[in-house]
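Report on the structure given below.
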Amino acid sequence: MAYLLLRLLVNALSIAVIARFLPGIHVATNDLTAFILIGLVFGVINALLKPIITLLTCSLVVLTLGLFILVINGLMLWLTAALLPQLFQIDSFGWAILGGIIISIINMVLESVIGDRDGSSKVEVRVDR
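Residue numbers (numbering that gives the first Met the number 0): 0 to 128.
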């Protein structure tokens with residue numbers, strides 16, 4: 000349960016970062032609950048639809064050496080904006096792809112610091128004595 004809450008906060012933080020720095024992505028309010036709601040919807044879409052779409056487009060992913068995953072990430076972000084039109088807006092599909100790339104990078108960095116589901120951190124700290 001704690002892992003899911005942590006993932007929700009990471010998604011909310013990622014949405015806040017892209018909304019702040021990308022001029023084509025807009026959040027209606029600068030409220031924490033708005034970012035958490037967008038992060039929740041984005042997380043559910045990624046958990047339910049992304050594996051299905053990735054499986055259906057497996058040949059394109061292989062053909063493009065994995066670059067089509069960036070398009071899928073943009074689609075997931077664009078679908079989130081379509082489900083929350085009063086709260087979250089994206090000007091074009093290009094902004095959605097760029098936002099998906101940045102969210103992927105932020106999630107990768109934060110997940111390497113936070114750790115796996117079992118709570119073990121991927122970052123190893125060694126102290127030489």
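Glycine included, C-beta positions come from ideal geometry on N, C-alpha and C. A quick note: this is a predicted structure, and the numbers were derived from the prediction, not measured.
Using the DSSP secondary-structure output, state which residues sit across from residue 26 in a beta bridge. Taking the sequence shown and counting its residues from 1, one reaches residue 26 at position 27. Bridge partners of residue 26: 87.
Can you tell me which of the three DSSP states residue 42 falls into? Start at 1 with the first residue of the sequence shown, and residue 42 comes out as number 43. Note: residue 42 maps to helix in three-state DSSP.
Which same chain residues end up closer than 7 Å to residue 92 when comparing Cβ atoms and leaving out the 5 residues on each side of it in sequence? Working through the sequence shown from its first residue, we reach residue 92 at position 93. Closer than 7 Å at Cβ, skipping near neighbours: 73, 77.
Start and end of the alpha helix (DSSP H) containing residue 62? As a position in the sequence shown, residue 62 is number 63, starting the count at 1. That run of the alpha helix (DSSP H) goes 57-62.
Pick out whichever of 109, 113, 4, 89 has its Cα sitting closest to the Cα of residue 19. The residue you call residue 19 lines up with position 20 of the sequence shown. If we check each option's Cα against that of residue 19, 89 comes out closest.
State the CB to CB distance for the pair residue 44 and residue 14, rounded to an integer number of angstroms; the pair is presumed to be in contact (CB under 8 Å). As a working note, residue 44 is residue 45 in the sequence shown. As a working note, residue 14 is residue 15 in the sequence shown. In fact, because the Cβ distance is near 12 Å, the residues do not count as touching under 8 Å.
Can you tell me which of the three DSSP states residue 0 falls into? Locating residue 0 in the sequence shown gives position 1, counting from the first residue. In the displayed model, residue 0 falls within coil according to three-state DSSP, outside both helix and strand.
Are the stretch 55-73 and the stretch 19-36 in contact at 8 Å, needing three or more beta carbon pairs? Verdict: no, contact absent.
Can you tell me whether residue 28 is buried or exposed, with buried defined as 16 or more other CB within 10 angstroms of its CB? Mapped onto the sequence shown, residue 28 falls at position 29. Residue 28 is exposed by the Cβ-count criterion.
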